[in-house]
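**Q** Sequence positions in the sequence shown follow the numbering used here and run 120 to 219.
Beta carbons: idealized from backbone N, C-alpha and C, even for Gly.
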Amino acid sequence: MSSSRWTPRWVLRKIRLDEGEFEVCYDEVTGLYVCPLCSPECKREVDKIPEETSYFLNEKDLVYHIKVHPRKPWNRRTQRRKIPEEIERDNEEDENEDDS
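(1) Along the chain, where does the alpha helix (DSSP H) containing residue 180 start, and where does it finish?
(2) Using the C-alpha atoms, what's the distance from residue 185 back to residue 144?
(3) If you check the beta carbons only, do residue 181 and residue 157 fall under 8 angstroms apart?
(4) Determine the burial state of residue 183: buried for a count of at least 16 other Cβ atoms within 10 Å of its Cβ, exposed for fewer.
(5) Tell me which same chain residues have a C-beta within less than 7 angstroms of the C-beta of residue 160, skipping the five on either side of it?
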């Protein structure tokens, strides 16, 4: 009987970055890459599915993600969504007052 549950088998692979080599997590089952900066547990637990991470279909996309990691543009979008509506309205009112 086959299971529909994914059981990853993470292996460490080295990829080339401008600065040299970087060790990343690669799943032998699906062929997906995971950023070890977002999910360091993939380096320690070979059969665990990271809870909050980004998955990449190819090395090129993962390399780009690692290069922009210090800026974390994905966090800004998340933080912007989490602002309570009343604070957002107050900010809009302040901006409208500045325009007057």
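**A** Taking the definition as stated:
(1) Counting from 1 along the sequence shown, the entry for residue 180 is found at position 61. Note, residue 180: alpha helix (DSSP H), 178-187.
(2) Taking the sequence shown and counting its residues from 1, one reaches residue 144 at position 25. Taking the sequence shown and counting its residues from 1, one reaches residue 185 at position 66. Spanning the two alpha carbons is a distance of roughly 12 angstroms.
(3) To locate residue 181, count along the sequence shown from 1; it is residue 62. To locate residue 157, count along the sequence shown from 1; it is residue 38. Taking 8 angstroms as the Cβ cut-off, residue 181 and residue 157 do not qualify as a contacting pair.
(4) For the purposes of this step, residue 183 is identified with residue 64 of the sequence shown, where counting begins at 1. The residue is exposed, with fewer than 16 neighbouring Cβ atoms inside 10 Å.
(5) Indexing the sequence shown from 1 puts residue 160 at position 41. The residues are 167 and 169.
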